[in-house]
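Colleague: Structure incoming, see below.
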Amino acid sequence: MNKKNIKKLVIPLLLLIILLVPFGFSYVSFQSKHVDNQGAEEFVRKLQAAMDGRTAFKLSELTPVAWDHVYIFHPYTTKSEMERIIGTSWTTSRSYVGYLLDNTFLGAYPLDDDSLNKLVFMDDGKVVLDVTLNRSMADFTAFKEIRGDKELLLTSGEDGANVVVSKP
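Read in order, the letters of the sequence shown correspond to residues 1 to 168 in this note's numbering.
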């Protein structure tokens, strides 16, 4: 092979490596931050049943995962603010492409509506469940966080919404 042919092969190869290295690091970051979120649908189903029953309930009875702390995020809380409060970053994206999109302006405001609140369940400092709920089903905005297994009640808000409060 002459020098021209070698240059034609080396330059594209170097460009490919330069492009792949950042994606490789980013993919490793995705893998380390990924939360399976298994049990989110089951939690929502059980929470809906508790709301329909209008009886006192404990979140631990509704969640299929072990947890010791729940953070509740109100409408319009940014993803970066959530990560700052919790002290860790996480993703529930099922794909790497979804993770990349979440890290752009498209994923910066996951609670971009008055009707949404998010419950993030933690166990030993690690996110184990992330659920975004419509406040018409259960409005947790009376809380910022719940530690331990507090008993909760459902009341009706001014607009007839299902508002969750602590049992006295």
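Ideal Cβ placement from N, Cα and C applies to all residues, glycine included.
Given that a residue counts as buried once 16 or more other Cβ atoms are within 10 Å of its Cβ, and exposed if not, what is K79?
Modeller: What you label residue 79 is simply residue 79 of the sequence shown in a count that begins at 1. The residue is buried, with at least 16 neighbouring Cβ atoms inside 10 Å.
Colleague: Comparing alpha-carbon positions, which option in M82, E41, T77 lies nearest T63?
Modeller: Numbered from 1 along the sequence shown, position 63 holds the residue referred to as residue 63. Looking at the Cα atoms, E41 is the closest of the given residues.
Colleague: Using alpha carbons as the reference points, say which of V165, H69, D149, N37 lies closest to L129.
Modeller: The residue you call residue 129 lines up with position 129 of the sequence shown. L129 has its Cα closest to that of N37, out of V165, H69, D149, N37.
Colleague: Can you give me the C-alpha to C-alpha distance between K7 and I18, rounded to a whole angstrom?
Modeller: The count along the sequence shown starts at 1 and reaches residue 7 at position 7. The count along the sequence shown starts at 1 and reaches residue 18 at position 18. Roughly 16 Å separates the two Cα atoms.
Colleague: Measuring alpha carbon to alpha carbon, tell me which residue in G53, L47, I86 is nearest E145.
Modeller: Residue mapping note: residue 145 aligns to position 145 of the sequence shown, counting from 1. With distances taken between Cα atoms, E145 lies closest to I86.
Colleague: Sorted by chain position, which residues of the same chain lie with C-beta nearer than 7 Å to L119's C-beta, five sequence neighbours on each side aside?
Modeller: Within the sequence shown, the letter at position 119 stands for residue 119. Closer than 7 Å at the Cβ level, and outside the excluded window around L119, lie V70, I72, V131, L133, F140.
Colleague: If you follow the beta strand (DSSP E) that F73 is in, where does it begin and where does it stop?
Modeller: Position 73 of the sequence shown, counting from 1, holds the residue named residue 73. Taken as a continuous stretch (DSSP letters only), the beta strand (DSSP E) holding F73 covers 69 to 73.
Colleague: Excluding the 5 residues preceding and the 5 following V165 in the sequence, name in chain order all residues of the same chain whose CB lies nearer than 6 Å to its CB.
Modeller: On the sequence shown, residue 165 is found 165 positions in, with the first residue counted as 1. The residues are A142, L153, T155.
Colleague: Could you tell me whether the Cβ atoms of D149 and K58 are closer together than 7 Å?
Modeller: Taking the sequence shown and counting its residues from 1, one reaches residue 149 at position 149. Taking the sequence shown and counting its residues from 1, one reaches residue 58 at position 58. Yes.
Colleague: Pull up the DSSP beta-bridge partners for S166, would you.
Modeller: Residue mapping note: residue 166 aligns to position 166 of the sequence shown, counting from 1. Per DSSP, L152.
Colleague: Rounded to whole angstroms, how far is the Cβ of A138 from the Cβ of N162, which I believe are closer than 8 Å?
Modeller: Working through the sequence shown from its first residue, we reach residue 138 at position 138. Working through the sequence shown from its first residue, we reach residue 162 at position 162. Contact flag correct, Cβ pair sits at about 5 Å.
Colleague: May I ask you to report which of helix, strand or coil DSSP gives K144?
Modeller: Counting from one through the sequence shown, the residue named residue 144 turns up at place 144. K144: coil per DSSP, three-state reduction.
Colleague: V97 by DSSP, collapsed to three states: which one?
Modeller: Translated into positions along the sequence shown, residue 97 becomes position 97. It is helical.
Colleague: Who are the Cβ neighbours of L101 in its own chain at under 7 Å, not counting the five residues just before and after it?
Modeller: To locate residue 101, count along the sequence shown from 1; it is residue 101. Cβ within range, chain order: G107.
Colleague: Taking Cβ positions, are L9 and P75 nearer each other than 7 Å?
Modeller: Here residue 9 refers to the residue found at position 9 of the sequence shown. Here residue 75 refers to the residue found at position 75 of the sequence shown. It is not a contact, given that the beta carbons lie outside the stated cut-off.
Colleague: Going by the beta-carbon positions, is the gap between D123 and A56 smaller than 7 Å?
Modeller: Translated into the one-based positions of the sequence shown, residue 123 becomes position 123. Translated into the one-based positions of the sequence shown, residue 56 becomes position 56. Cβ atoms of D123 and A56: not closer than 7 Å.
Colleague: Can you list the alpha helix (DSSP H) stretches of 4 or more residues lying completely in the region 5 to 53, in chain order?
Modeller: Counting whole runs of 4 or more residues, the region 5 to 53 contains the alpha helix (DSSP H) stretches 40 to 53.
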